[in-house]
Amino acid sequence: MTRVLLTKQNGLSITVDASKILETAHLLKNLKFDHVISVTATDYPEENRIDVIYHVSSFEDLELAKTILEIRTTVSRQEPNIHTLVAVWPSIEFLERETTDLMGINFGGREAMARLLLPEDFEGEPPLRKSYTIRTEGIDA
Amino acid sequence: MSEEQTLELLIGPQHPGSGHMRLVAEMDGDVILNFEPNIGYVHRAVEKIAETKTYVQIIPLVERTSLPDTANHNLGYVLALERLLGIDAPLRAQYLRILLAEINRIHSHLYGMGIHGNMIGSTTMLMWAFGDREPFIELAQRLTGARLSYSYIIPGGVRRDLPQDFRNDALKALSYMERRLKDYDRIFVHNPVTLARLKGVGVINRIDAARIGVVGPNLRASGIAYDVRKIEPYCIYPDLDFEVVVRDEGDAHARLLVRIGEIEQSISMIRQILGKIPDGSILADRYLDLVPSRTRFEKRSSVKFPALFSGLKPSKGEAVSRVEASRGELFHYLVSDGSTHPYRFRIVTPSFKNLIAFKHALLGQKLADIPAVYGSLDYFPPEADR
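For the protein sequence lines, the chains are A and B, in the order given. Residues in the first sequence are numbered consecutively from 1066, following this note's numbering. Residues in the second sequence are numbered consecutively from -14, following this note's numbering.
Spelled out as structure tokens, the structure:
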């Protein structure tokens, strides 16, 4: 774990290396953080990185539920690989699949899944990356 | 099991009941062995579009994710935005926000119950629930000017003040709803057919519910008292007296009962709000001073957007918000780079979180149970796809 921060809204933010993500998740699961609220990937093309941000909380411990814990990690744009957390938190299933579809992050260590939101035959730049250009219709076309 | 013995059954994407999604069921006879939802048919790329819009333009955009529940989506987004801007709404505006949020919760739950009734063959429940949404949609229209897409909650406040004689009409609608809930109970909720279709069907136990991370009434029907309005109370929820409706059975019927219990709680909350709403301004002073004519504004009791809103530039940073929308916890995450558009905008809607329940609640159930379980989850495909 490289950095722990108290965020403005009394949340806690942890920054870890992408290779340590599975370990961190196990640790937090044992501290009763039992489900994932969100997985967000944010693209920074100039810095050649994509931040992957997990927001986790607890249903079992309602005191802990008052906190949203943020786990931040970074992958490169060319090799956006990170270990899946689906074995630790089954609730992450569709969040990871969405992030694969829209941001092109490869969650390794799980069986290959069909596309969730995009058409099955979709190819090309993942649409939520900054480098994906939206084709306009009408007078601009 | 070899392929000859099982059958892959494709349901949808054309309205398997309500909305557009495809369900892929692996069947052994009429028993479901595996169940995989396939979504995205109504994906409108709200997160991507948001990166090209100004902060105020995103208010109507987030409402489009869930038209039956716009007030809560509007509120969740504005709370995140206000955290970026470092601004709070005055107390009267906070009351008005929750007034609309709870009116919306009632008509959203009625929508879900009506569809659920229709899915298990009770056309009466569909017609009644949709008819009984009207008084509440009408109240929302009196307050906001729109039936469904309110865009009522803005940074620093709300757009309009409480209209005259709103209070009396609201109280009438609430007593009417209380009478109707008794009718529902007799005709639908404890009808022997409903009980036979829903009791013990589509069970999600407490441990599984936490593990797979379902939210909202679906979570509370599995015995977990998690409600953002209590866990991380926002606006005026700390000042309201209400209970978190919880049941232990975890089946389709328990989910129906939780929604009915929540309608009762919302009725009580609206009465409390109407009883103790304080006088005062509906927009934060910081913005009020920018409205062209302050006196005219106060007479009209409605806000014309200050020009500043079109160029709203929050400082660089990040903000999260969570609210208890009608279908469960709604999460917003905003990343600002200091410009007029968000750098990244993330929404995780309750329907998207509840999608996973299809995979678990239907295993081992009969084919004919699919509509009974689907309806009980109050799953709204456009809200899941975003």
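By construction, the Cβ of each residue, glycine as well, lies at the ideal position given by its N, Cα and C atoms.
DSSP state of residue i mapped onto helix, strand, coil
i: residue 21 (chain B); result: strand
i: residue 75 (chain B); result: coil
i: residue 330 (chain B); result: strand
i: residue 365 (chain B); result: coil
i: residue 227 (chain B); result: coil
i: residue 216 (chain B); result: helix
i: residue 244 (chain B); result: helix
i: residue 102 (chain B); result: helix
i: residue 1147 (chain A); result: strand
i: residue 344 (chain B); result: helix
i: residue 1113 (chain A); result: coil
i: residue 313 (chain B); result: strand
i: residue 138 (chain B); result: strand
i: residue 261 (chain B); result: helix
i: residue 1122 (chain A); result: strand
i: residue 318 (chain B); result: strand
i: residue 143 (chain B); result: strand
i: residue 358 (chain B); result: helix
i: residue 27 (chain B); result: coil
i: residue 47 (chain B); result: helix
i: residue 41 (chain B); result: coil
i: residue 33 (chain B); result: helix
i: residue 16 (chain B); result: strand
i: residue 1131 (chain A); result: helix
Partner residues on chain B for residue i, Cβ-Cβ distance less than 7 angstroms
i: residue 1155 (chain A); result: 196 and 197
i: residue 1091 (chain A); result: Those within 7 angstroms of residue 1091 (chain A) in chain B number zero; the least Cβ separation is about 15 angstroms.
i: residue 1125 (chain A); result: 195
Start-to-end residues for the beta strand (DSSP E) that takes in residue i
i: residue 1102 (chain A); result: 1100 to 1109
i: residue 305 (chain B); result: 302 to 310
i: residue -7 (chain B); result: -8 to -4
i: residue 1078 (chain A); result: 1077 to 1080
i: residue 1171 (chain A); result: 1171 to 1173
i: residue 1140 (chain A); result: 1134 to 1141
Interface partners of residue i on chain B, CB under 9 angstroms
i: residue 1101 (chain A); result: 198
i: residue 1088 (chain A); result: Here the premise fails: no neighbours, minimum Cβ distance about 20 angstroms.
i: residue 1147 (chain A); result: Simply none; closest approach about 17 angstroms.
Alpha carbon of residue i to alpha carbon of residue j, nearest angstrom
i: residue 204 (chain B); j: residue 15 (chain B); result: 28 angstroms
i: residue 1192 (chain A); j: residue 27 (chain B); result: 16 angstroms
i: residue 1076 (chain A); j: residue 1121 (chain A); result: 11 angstroms
i: residue 1199 (chain A); j: residue 369 (chain B); result: 22 angstroms
i: residue 157 (chain B); j: residue 163 (chain B); result: 10 angstroms
i: residue 1139 (chain A); j: residue 201 (chain B); result: 31 angstroms
i: residue 11 (chain B); j: residue 344 (chain B); result: 11 angstroms
i: residue 1197 (chain A); j: residue 230 (chain B); result: 45 angstroms
i: residue 64 (chain B); j: residue 31 (chain B); result: 18 angstroms
i: residue 326 (chain B); j: residue 190 (chain B); result: 43 angstroms
i: residue 317 (chain B); j: residue 1082 (chain A); result: 25 angstroms
i: residue 312 (chain B); j: residue 1080 (chain A); result: 31 angstroms
i: residue 348 (chain B); j: residue 19 (chain B); result: 6 angstroms
i: residue 1145 (chain A); j: residue 1156 (chain A); result: 22 angstroms
i: residue 108 (chain B); j: residue 102 (chain B); result: 7 angstroms
i: residue 179 (chain B); j: residue 1153 (chain A); result: 37 angstroms
i: residue 54 (chain B); j: residue 133 (chain B); result: 8 angstroms
i: residue 173 (chain B); j: residue 249 (chain B); result: 17 angstroms
i: residue 266 (chain B); j: residue 50 (chain B); result: 30 angstroms
i: residue 1172 (chain A); j: residue 300 (chain B); result: 33 angstroms
Counted within 10 angstroms of its Cβ, other Cβ atoms place residue i as buried (16 or more) or exposed
i: residue 1102 (chain A); result: buried
i: residue 126 (chain B); result: exposed
i: residue 161 (chain B); result: exposed
i: residue 323 (chain B); result: exposed
i: residue 336 (chain B); result: buried
i: residue 57 (chain B); result: buried
i: residue 365 (chain B); result: buried
Opening and closing residue of the alpha helix (DSSP H) in which residue i lies
i: residue 1091 (chain A); result: 1086 to 1095
i: residue 11 (chain B); result: Residue 11 (chain B) -> not in any alpha helix (DSSP H); beta strand (DSSP E) instead, spanning 7 to 13.
i: residue 1161 (chain A); result: 1158 to 1168
i: residue 67 (chain B); result: 55 to 70
i: residue 178 (chain B); result: 177 to 183
i: residue 166 (chain B); result: 151 to 169
i: residue 272 (chain B); result: 270 to 273
i: residue 126 (chain B); result: 108 to 129
i: residue 337 (chain B); result: 335 to 339
i: residue 1199 (chain A); result: It is not in any alpha helix (DSSP H) - residue 1199 (chain A) carries neither H nor E in the DSSP assignment.
Neighbouring residues, chain B, relative to residue i (Cβ below 8 angstroms)
i: residue 1105 (chain A); result: 318, 329 and 331
i: residue 1098 (chain A); result: Those within 8 angstroms of residue 1098 (chain A) in chain B number zero; the least Cβ separation is about 11 angstroms.
i: residue 1192 (chain A); result: 30 and 33
Per-residue contacts from residue i into chain E (C-beta, under 7 angstroms)
i: residue 1130 (chain A); result: The structure shown contains no chain E; the protein chains it does contain are A and B.
Contact set between residue i and chain A, taken where Cβ atoms lie within less than 7 angstroms
i: residue 28 (chain B); result: 1182
Check: residue i C-beta below 6 angstroms from any heavy atom of the ligand PLP
i: residue 265 (chain B); result: The ligand PLP is not part of this structure, which contains no ligands at all.
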